[in-house]
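Each position in the sequence shown, counted from 1, maps to that position plus 997 in the numbering used here. Please read the structure below before turning to the comments.
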Amino acid sequence: MNKLFEIREICTSLRPAKAVVFIHEGDEWHDTALRVIETLSQIWGGQRNLIIPTDGKKIDEKFWFLLEKFDPDYFFIYNESPKNIYEISDELKKEILKRLNPFHETNSNDPIESFYLNPSYPLTFVPDIIPNTHIEIPVLYNPIVDTPLLECNNYLKLVIHSVLGKLTDEYSKKLNRLSLKMEEKKLGNESLGSFLSDVLWNSDGQDYYPFYYSMLKLERYRRVKDGKKIREAPIVTVIGDSLADFSFYYDLSSLRYDVFWAPESLIKSSFNEVQYIRKTKEKSESGLTLFNSILLTKLIDKVNESNSNRKIVFTSISKSKKNLENIKDILIKSDILPNGHEEIKQALVCKDMEKLLTYVLRIMEYDNYSNCYREQFVDFKSINRIKTPIPRNFSDRSFQHHFWITEINVEDYQLPQYPILINSINTPYFYTNSEIRITNRGIAYFCPSTGYVGGSIDKYLVKPYLNLLESFEIFKQIFNKYGYVIISSDKGNYEKESIEKFDSLGKIARFLKYEQHQQFLNRLTERSNPPSADEGIFLTDDYRMYLNLKSIETILGDEIKSLINDFIEKGILHRGFIFKCEKCRYTGWYDIDEVDNKFKCKRCRTIQYYNSNHFIRQNPVEPEWFYKLDESIYQGYDNNMIVPILTLNKLNHLSDSFLYVDEIEVRRKEAPEEQYKELDICCISDGKFIVGECKIGNRLEDDEIRKYKDIYDELGVDKIVFSTFNKNGWSKGTLKKIDTILGKNYNYRS
C-alpha cells in the first residue's frame, strides 16, 4: 500500500503558563485583590494573567468571553488561609473543563487548585530565574501609597498596584538577596498627580517596579493580520467600583492595549475637590484634584498619537449606559487643565464585548516566538521529533526551577479543544492531560519535562512526535467520548467521492456556484425527455439523461472546450454510445470501454455488430457520442449536495485552518443499528467545532432544529449553521422557530 507523504510548516513558541485566579464575590475584595496582585507579581508572566470574580457557582458571560479569548492553562482560587476556604461547585468545574480545556488530571473533573502566597511548580517563581539573566539596572522600585486623608484610599491602591504590581515583605527580602537595590516610591498627596502622569499612565515610566520583573524577558506579541484592528481599536476606560469592574479592567488590560480603570469613587472625589477649589480658592489636601484631568489628558493623547480615527469608549459591568453618560459629564466638568473636550464629548458608551476586544495579545519569551521550520509527515506522523525550544534569554542550562509551556502550530491543522485529542502528540514521558492540552491556537505541553530533576536540559527536555489525526478520526473520537458512534451516510459518500473527482472542495464549489453549471447538472439529472432532441435524450430503460456535444454546448457555450476533456479525465463525465438492440429493442447507453466494433445488449445479452440500425438517431456513417454524469456525482447532486458543499466552502474561506467530514449519521453506542441523527455540516474552523443543517428549501421543522440543540449541549459544540439555497433566505416562520428554540444562549448563524 502506498504511503502518504506530505510536508507542513511547524511553528513553536515559548511562553509562561497562563493562569486564572478566582476571587470570591463575597470577600472583602479590595484586600483580597491586593493579595492576589502580590502573588501575581512573584510569578513569571503573572502581570498578564486574569482575575475572575465568582460566587463559586457561576461566571458572568462577559468573563466567559474573556476566558475563552485568554485560553488559560491553570485555574486557582485564592484562599488566604486553609481556615478560610472557598469552594467551586462541581457543576462549574465541569463547565470549565468543557468550555476551556485547561491542564487537569485525566480522570478528574477538578481543574482548580488553591492559591497561596508561595507560587511554585507548575508556575515559575521569579527569584528562581533572575540570577540567570542580565538586568540592565539592578534596582527594584517599591510603590507605597500613603494618602491617609483619602476616603477612597483602597481604590487608589488598586489603580496603582494593578499597573505596577505589589511586594510582600518576604518577597522584597528575597529580591534584595539577589542584589536588587530597593528604592521606595512613596506616593503622598503632593506627589500623586505627577506620579499618575509620569508613571502610572505612561508605559515608559513603569520599568523596575514589581510587575516589570514578573514580565522578565517577555514580550506581548500580536498576529500580523491584527495590525489594522490594533490601530483602530477603541481606547477603553472601565468605570465602576465593584469587584466585577476591577476584574473586567484588569483582564481587558491583560489581553489588549490602552485600557484604563477609573473607579467612580475617585472620579467623584476628584470632581468634589475641583468644585471645592473653584468655590473656596483653597488647595485640597487629598491630592486627587488632578485625577480626572490627567485621565482625560491621557485619553486624548492616545487618540492624537494614532493616525487612525480611534474612539474613546467608556464601559462598565456595574453601571448602566445612562450612568456612564452621566459620569462622562462629570469628568468633563471636573477638568481643570486646558484640554480640548471634543474627543471626550464624542466618546462612546459601549458594552459589546466583540467591539471592546477586537484582538488578543499573546505573551511569549522575547525572540522565542514563531520558530518555524518544515517537517515531513508519513501517513500523518512526523518523521522527526518536535524541536522544543528552550529559554533564549536565560543562561543557566539546567532550568531546574524554570518551567514553561511550548505551544506548537501546525500548518492547516487546528484541533478543537477536547482533552481526548491529546493523542495528536506522542511524548516519551507519559504525558497526560495534566501536561498536554489543545489550545485555541495549537497544541501546548509542559516543559522542560515532568521527570526533570536537574542537570543538562538537553538530556531531559521533552521532544514529542506529532500524529496528525484525520478529520473522520477526530470526530469519531469526540462523538465516542459522549456515547455516540458515527458513520458516513450514503449522501456523505456521494459528496466525498464527488469532491475527490473534482480534486478539492474549493474546485467543486467554484464549479457549482455558477448558474450555467447548475443548469448543466440540472439537465443531466432530469427525469423526462426535453422538448427537443438537441437538448438531450432521456432513456426510460435506465431512467437517465444523456447529452451530446451540441446539447452541452447550448448550456456551456465556449467553456465546453476546456471542460469536456478535463471532466472525462477526472471521471466526472463518461463518454459512450446509445444503441438499440435489434433483438429485444432495449435502448441503452454503453461506456466506450464496453464497446469495440460490437456491443452486448444489457437486457438479452446478445452480441451484435453495431451499424446505423442500432443508432438512436439515424446516421448512416458513425454512432454519436453521448455523455453521462458519473454516478456518485449524479446521486450527490440529486440529493442536494450543492448546499453543504457551498456552505463548507464558505466556512473554509473564512478559516485559516479547516477540517471537515461529509454528511454523517450519528448513532448511540447502545443502539448502533438505529439511526439517531444526520448532520449535514460537521467541521472545524480554526479550532471551532461547527455543525449544521442544509436545505434547498427555506423551511425547517422543530425537530430538525432541536437535534442540533441537543448536539450543541451534549458535545459542547461552538456554533450551529443553518444554510438554505433559497435566494430569499429562510422563511420568517423558520427564523422565528430557530430564535425561539435556541435563544440567546446558543451561538448560531442562519
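Ideal Cβ positions, reconstructed from N, Cα and C, are used throughout, including at glycine. Small disclaimer: the values here were computed from a predicted structure and weren't measured.
Asked                                                                                                                                                         : Found
How many angstroms separate the CA atom of Glu1698 from the CA atom of Ser1486?                                                                               : 21 Å
If you reduce the DSSP assignment to three classes, tell me which class Ala1030 lands in.                                                                     : helix
Would you call the region 1188-1196 and the region 1254-1272 in contact, with 3 or more CB pairs under 8 Å?                                                   : no
Report yes if the CB atom of Lys1178 is closer than 8 Å to the CB atom of Leu1137, and no otherwise.                                                          : yes
Mind checking who Val1136 pairs with in its DSSP beta bridge?                                                                                                 : Lys1178
What span of residues does the beta strand (DSSP E) with Thr1234 cover, start to end?                                                                         : 1232-1236
So, helix, strand or coil for Asn1301, using DSSP?                                                                                                            : helix
Restricting to runs no shorter than 4 residues, where is the alpha helix (DSSP H) found entirely within the region 1594-1630?                                 : none
Tell me the rounded alpha-carbon separation between Ile1274 and Leu1293.                                                                                      : 19 Å
By the DSSP assignment, the beta strand (DSSP E) with Pro1050 in it spans what residues?                                                                      : 1047-1051
Please determine, among Ile1661, Leu1643, Lys1054, Glu1670, the residue with the shortest C-alpha to C-alpha distance to Asn1723.                             : Leu1643
Please name the residue or residues paired with Cys1581 in a DSSP beta bridge.                                                                                : Answer is none; Cys1581 lacks a bridge partner.
Suppose the cutoff is 7 Å on Cβ atoms and the five residues either side in sequence are ignored; what does the same chain contact list for Phe1469 look like? : Val1658
Using a C-beta cutoff of 8 Å, does Lys1734 count as contacting chain C?                                                                                       : In summary, chain C is missing from the structure at hand, where a single protein chain is found.
How many angstroms separate the CA atom of Leu1114 from the CA atom of Lys1666?                                                                               : Residue placement at Leu1114 is flagged as unreliable, the pLDDT there being 48, under the threshold of 50; a coordinate-derived value is accordingly withheld.
Give the DSSP-derived three-state secondary structure of Tyr1442 in the structure shown.                                                                      : strand
Helix, strand or coil: how does DSSP classify Gly1480 here?                                                                                                   : coil
Ser1652 and Asn1682 - do their beta-carbons sit closer together than 8 Å?                                                                                     : The amino acid at residue 1682 is misidentified as Asn; the sequence shows Ser. For Ser1682 and Ser1652, yes; Cβs fall inside 8 Å.
Quick check: what's the CA-CA separation for Tyr1218 versus Lys1733?                                                                                          : 43 Å
By the three-class DSSP mapping on this structure, what secondary structure does Leu1114 have?                                                                : Its pLDDT being 48, under 50, Leu1114 is placed unreliably by the model, and nothing is read from it.
Does the Cβ-Cβ distance between Lys1318 and Asp1255 come in under 8 Å?                                                                                        : no
Between which two residues does the alpha helix (DSSP H) containing Ala1241 stretch?                                                                          : 1240-1252
Do you know offhand how far Ile1475's Cα is from Thr1603's?                                                                                                   : 54 Å
Report yes or no: do three or more beta-carbon pairs, one from the region 1024-1035 and one from the region 1007-1016, lie closer than 8 Å?                   : no
Candidates Glu1432, Leu1094, Ala1241: which alpha carbon is nearest Pro1119's?                                                                                : Glu1432
Taking DSSP as the reference, what is the three-state secondary structure of Asn1106?                                                                         : coil
Quick check on the DSSP output: the beta strand (DSSP E) that includes Lys1666 runs from which residue to which?                                              : No beta strand (DSSP E) contains Lys1666, which DSSP labels as neither H nor E.
Among the candidates Leu1175, Val1196, Asn1129, whose CA atom is the shortest distance from the CA of Gly1162?                                                : Val1196
In three-state terms, what does DSSP make of Lys1015?                                                                                                         : coil
Nearest-angstrom Cα distance between Gln1044 and Asp1070?                                                                                                     : 15 Å
May I have a chain-ordered list of the alpha helix (DSSP H) segments no shorter than 4 residues that lie completely inside the region 1486-1549?              : 1487-1498, 1502-1509, 1512-1521
I'd like to check one pair, Ile1093 with Ser1244: are the Cβ atoms closer than 8 Å?                                                                           : no
Which of the three DSSP states is assigned to Trp1041 in this structure?                                                                                      : coil
When DSSP labels each residue in this structure, what does Arg1220 get in the three-state scheme?                                                             : coil
Helix or strand or just coil, what does DSSP make of Asn968?                                                                                                  : With the chain covering 998 to 1747 only, the question about residue 968 has no answer from this structure.
Spell out the partners DSSP gives Gln1411 in its beta bridges.                                                                                                : Its beta-bridge partners do not exist; DSSP assigns none.
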